[in-house]
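Numbering (my numbering), first residue to last: 360 to 830.
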């Protein structure tokens with residue numbers, strides 16, 4: 360699983376289009392037990408700064424990177440580290456995978472010996488509200504030249520800094536342009552003469568057709584049950600407008616009872632009751648569940664982010680033609696058009712100030728943002744990075760990647776995102792509720808009550824820094 364779904368976004372431009380989510384942390388000091396952001400590790404070995412060595416990387420130093428091993432894997436960072444090796448032949452780099460970022464690295468933050476570079480992603484990421492003051496600012500990375508000699512900031516999509524900016528400090532480089540939607544096999548749909556649903560009623564009608572063929576509409580796995588939470592939120596925001604998002608992110612009392620959210624929850628409940636979900640998801644590992652869609656074609660639709668193709672490339676039926684489409688709306692006249700979608704720069708990379716080789720962590724970032732490494736990522740992961748203009752029209756042969764480009768173009772300025780789920784670390788508690796709901800063991804009322812209790816508990820805790828939603 361890559362971001363379960365994970366983005367810390369305030370305002371983002373996608374293909375030049377301004378997204379509408381603007382979120383700012385409230386004033387105040389985030390909880391911390393280490394050095395302030397940008398402080399650096401004064402005991403680290405450094406070299407002389409120059410145009411070709413903008414961060415002062417010591418030419419005989421070693422770099423440690425710990426990368427979330429989810430839908431994108433981690434060897435693309437090793438590719439970038441190898442590019443660093445070409446620039447600095449005596450530097451060594453160790454790139455290690457992890458699926459338990461918080462569990463493995465929080466003790467190292469406390470101990471003052473975190474890695475030099477971290478991909479703080481996945482369901483078990485470290486909440487930025489707890490480590491923001493312990494991270495390096497990264498403005499100098501974007502101001503540096505890439506390995507082709509071009510200023511990095513000139514090569515990126517606009518405003519990609521903002522998803523990783525907290526209290527005015529840019530501390531997380533979100534590397535991947537993530538597009539969220541509902542995914543299907545274009546070949547299966549063509550074979551059966553099916554039309555991709557645009558409304559929930561269309562989807563339920565498709566569910567009946569699939570059931571008549573011995574198939575299901577949806578499938579889920581226990582670790583990814585909350586994919587259906589974000590699927591529902593994306594749908595509700597499109598149906599009811601940005602106020603739905605603003606109220607949720609502001610932890611407003613009763614926000615989960617908003618009519619657009621309730622309408623979507625009830626549609627999902629109707630699908631559960633009709634038997635349109637593959638049974639047993641709460642006891643099924645998520646990639647095994649996803650394979651029932653991508654390989655067995657037992658289910659015909661799956662909500663996810665653009666990482667899904669790479670995540671399932673070893674378990675996808677030949678000729679599947681994986682394709683993405685916008686999230687359904689409830690009615691044919693929603694507040695935001697059907698083409699509106701959730702998209703943001705994601706996969707946040709951070710450099711701890713207490714790291715032994717801060718310059719090394721930043722140097723791997725510089726390599727990742729250079730042409731060879733960014734192209735390698737898109738070609739092998741079938742997803743766009745924040746470096747613009749590197750994905751060809753044929754999407755490197757990927758129907759999924761081509762569909763993401765088309766969705767972004769069609770959405771135009773109707774792009775949104777939200778960050779409250781991950782900022783407040785809600786996912787683990789919400790997984791329990793959603794596994795129960797999708798299993799048919801609870802209903803919309805119980806789900807709503809549980810989600811509201813999670814939000815209310817955070818809202819009432821004065822020790823937790825809050826997000827202020829301005830638009």
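For each residue, glycine too, the CB sits at the ideal point set by N, CA and C.
Everything numeric in this text was worked out from a predicted model, so none of it was measured.
For a quick check, are the C-beta atoms of residue i and residue j less than 8 Å apart?
| i | j | result |
| --- | --- | --- |
| residue 479 | residue 824 | no |
| residue 501 | residue 511 | yes |
| residue 699 | residue 568 | no |
| residue 730 | residue 755 | no |
| residue 566 | residue 635 | yes |
| residue 759 | residue 543 | no |
| residue 624 | residue 458 | no |
| residue 765 | residue 516 | no |
| residue 650 | residue 671 | yes |
| residue 762 | residue 679 | no |
| residue 802 | residue 628 | yes |
| residue 505 | residue 410 | no |
| residue 591 | residue 603 | no |
Sorted by chain position, which residues of the same chain lie with C-beta nearer than 6 Å to residue i's C-beta, five sequence neighbours on each side aside?
| i | result |
| --- | --- |
| residue 809 | 792 |
| residue 497 | 529 and 532 |
| residue 439 | 723, 726, 727 and 732 |
| residue 641 | 581, 794 and 798 |
| residue 455 | 425 |
| residue 418 | 406, 447 and 449 |
| residue 735 | 438 |
| residue 796 | 806 |
Is residue i near the ligand ADP, in the sense that its beta carbon is under 7 Å from a heavy atom of that ligand?
| i | result |
| --- | --- |
| residue 818 | Summarising the ligand content, the structure contains no ligands, and the ligand ADP is consequently not present. |
Span of the alpha helix (DSSP H) holding residue i?
| i | result |
| --- | --- |
| residue 797 | 786–797 |
| residue 761 | 758–770 |
| residue 605 | 601–608 |
| residue 802 | It is not in any alpha helix (DSSP H) - residue 802 carries neither H nor E in the DSSP assignment. |
| residue 555 | Per DSSP, residue 555 belongs to no alpha helix (DSSP H) and is neither H nor E. |
| residue 649 | 645–653 |
| residue 667 | 667–670 |
| residue 828 | Where residue 828 is concerned, there is no enclosing alpha helix (DSSP H), although the beta strand (DSSP E) it sits in stretches over 826–828. |
| residue 749 | First-last for residue 749: undefined, no H or E at that position. |
| residue 735 | 730–740 |
| residue 513 | Unbroken run through residue 513: none, as it is neither H nor E. |
| residue 719 | 717–727 |
| residue 620 | 618–632 |
Kindly list the residues whose CB is nearer than 7 Å to the CB of residue i, restricted to its own chain and excluding five residues on each side of it in sequence; keep chain order.
| i | result |
| --- | --- |
| residue 652 | 578, 658 and 661 |
| residue 534 | 706, 708, 727, 744 and 745 |
| residue 475 | 422, 423, 424, 710, 714, 715, 716, 717, 719 and 720 |
| residue 461 | 483, 484 and 485 |
| residue 548 | 555 |
| residue 813 | 785, 788 and 789 |
| residue 605 | 828 |
Can you name, in chain order, every residue of its own chain whose Cβ lies under 8 Å from the Cβ of residue i, other than the five neighbours on each side?
| i | result |
| --- | --- |
| residue 562 | 556, 576, 626, 630, 660 and 687 |
| residue 589 | 364, 539, 662, 701 and 780 |
| residue 815 | 610 and 612 |
| residue 453 | 421, 422, 423 and 424 |
| residue 749 | 730, 733, 734, 737 and 743 |
| residue 677 | none |
Here's the rule I'm using: 16 or more other beta-carbon atoms within 10 Å means buried, otherwise exposed. How should residue i be labelled?
| i | result |
| --- | --- |
| residue 655 | exposed |
| residue 785 | buried |
| residue 633 | exposed |
| residue 429 | buried |
| residue 491 | buried |
| residue 554 | exposed |
| residue 408 | exposed |
| residue 822 | exposed |
| residue 819 | exposed |
| residue 573 | exposed |
| residue 619 | buried |
| residue 693 | buried |
| residue 521 | buried |
| residue 751 | exposed |
| residue 827 | exposed |
| residue 507 | exposed |
| residue 571 | exposed |
Could you check where the beta strand (DSSP E) with residue i kicks off and where it finishes?
| i | result |
| --- | --- |
| residue 705 | 700–709 |
| residue 456 | 451–457 |
| residue 303 | Nothing about residue 303 can be read from this structure; the chain reaches only from 360 to 830. |
Going by DSSP, what residues sit across from residue i in a beta bridge?
| i | result |
| --- | --- |
| residue 483 | Its beta-bridge partners do not exist; DSSP assigns none. |
| residue 542 | 661 and 683 |
| residue 576 | None, per the DSSP bridge assignment. |
| residue 494 | 711 |
| residue 775 | 701 |
| residue 536 | 704 |
| residue 528 | 525 |
| residue 478 | 708 |
| residue 409 | 412 |
So, is the C-beta of residue i closer than 8 Å to a C-beta in chain D?
| i | result |
| --- | --- |
| residue 726 | Note that chain D does not occur in the displayed structure, where there is just one protein chain. |
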